[in-house]
Amino acid sequence: MTTDAESGMRTLRRIVSGEPVTTAVEMPEVRLPDVLLGAPVPYVRPLVAWLQERPPHVLALADREGADIEIHHGGIQQRIVRKEVGADDGMSGAVRGAGRRNRRAPADPGERNAVRVARAICDELLCSPMELLLIAGDIRVVYDVDKRVPGGLRRRVSVLHVPCVLTRGDAGHRLAPRVDRHVRAWVSERNRRLLTRITEGGGSGDWAVAGAQSTLDALSRGRVRVLVAVDDPRDRRVAWFDRSSARVALSPDAWTRPDAPADAVPVIEAAPLVDVALRAALLTGAEARLVPPGTPDAPVQGLGALCRFGG
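Numbering (the working numbering), first residue to last: 7 to 317.
Written as structure tokens, this is what we have:
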């Protein structure tokens, strides 16, 4: 796998993986030194770090006439869908998930506009696993839309206000830096809460694990829901993995079984511990988060996880 800069474009980096299928991923706005690695597992740390800073979210720029809504789907493609909510968009009715008291159609035009915008936003959030909503624009409309987000949705989605005096017509890229700051702050807070949960629950063997051995064991069993790893370039530890599965261990002795037939012995290889853990997490559908060395409440031995089920 290589990480290299496109000629003449200093901020564009590309992750390229080799066998068995070549995959190229461009990561705009990332500054990394050129790296050429030969390893039995893909070096996806830069990609994981890039993706966790760009979570799926909904951005709404609202005014008294409607809203421009952007649905950021996240992922490698970073696909963005743009929608416009106007005065004559044909939308009517209450916000899905709203209580009975909020189902009556408001008489005030400003309130009707807020209901239309809130309904369009909530329809997107209810159909996706997104956990972040950012609302910008006219402060009166922002608060009117915010208070119409149903309580059931709020338990899953964080609602952030982005202060600005921009209108829908002249926002463009001028809003992007402010949104990026709010998204980064939300990601940092989300990671802080995650680390606290792992620290408080690590060692229980149920819904959180901490330490290299416990985390690798949970990964091998498919228990991990969210993996957290400290990305320390000075870490020289290695782990072993089965090339045909997500099974991992700190020692090759984990695969030693005297009674196993020769053709049942898996093909195992060694690689850096964090890379082995990331590979297992991605193969089992777990989320992966990287934190820098020295992060408060970082998991012991640099690895920890929240689990899907108890051990």
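Backbone N, C-alpha and C define an ideal beta-carbon position, used for all residues, glycine too.
Rounded to the nearest angstrom, the gap between the Cα atoms of L256 and F247 is 9 Å. With a 10 Å radius around the Cβ and a threshold of 16 neighbouring Cβ atoms, S220 comes out buried. When the five nearest sequence neighbours on each side are left out, the beta carbons in the same chain lying within less than 8 Å of the beta carbon of C313 are those of D212, W213, A214, V215, A224, R229, V230, R231, in order along the chain. For L200, the CB contacts under 8 Å within the same chain, skipping 5 residues up- and downstream, are V232, V234, R295, L312 in chain order. Considered as a whole, the segment 231-285 harbours 244-248, 274-278 as its complete beta strand (DSSP E) runs of no fewer than 3 residues, in chain order. In the DSSP assignment, S220 falls within the alpha helix (DSSP H) that extends over 218-226. Under the criterion of beta carbons closer than 8 Å, H188 and L166 qualify as touching, at roughly 5 Å. Bridge partners of G116 according to DSSP: none are assigned.
Under the three-state reduction of DSSP, R161 is assigned to coil, being neither helix nor strand. Taken through DSSP and simplified to helix, strand or coil, R88 comes out as strand. Looking from the CA of P183, the closest CA among G217, C170, E195 belongs to C170. Between L181 and the set A124, A68, L309, the nearest pair of CA atoms involves A68. In this structure, V244 places its C-beta atom within 8 Å of the C-beta atom of P278. Taking C-beta atoms as the reference points, P62 and M136 count as a pair closer than 8 Å.
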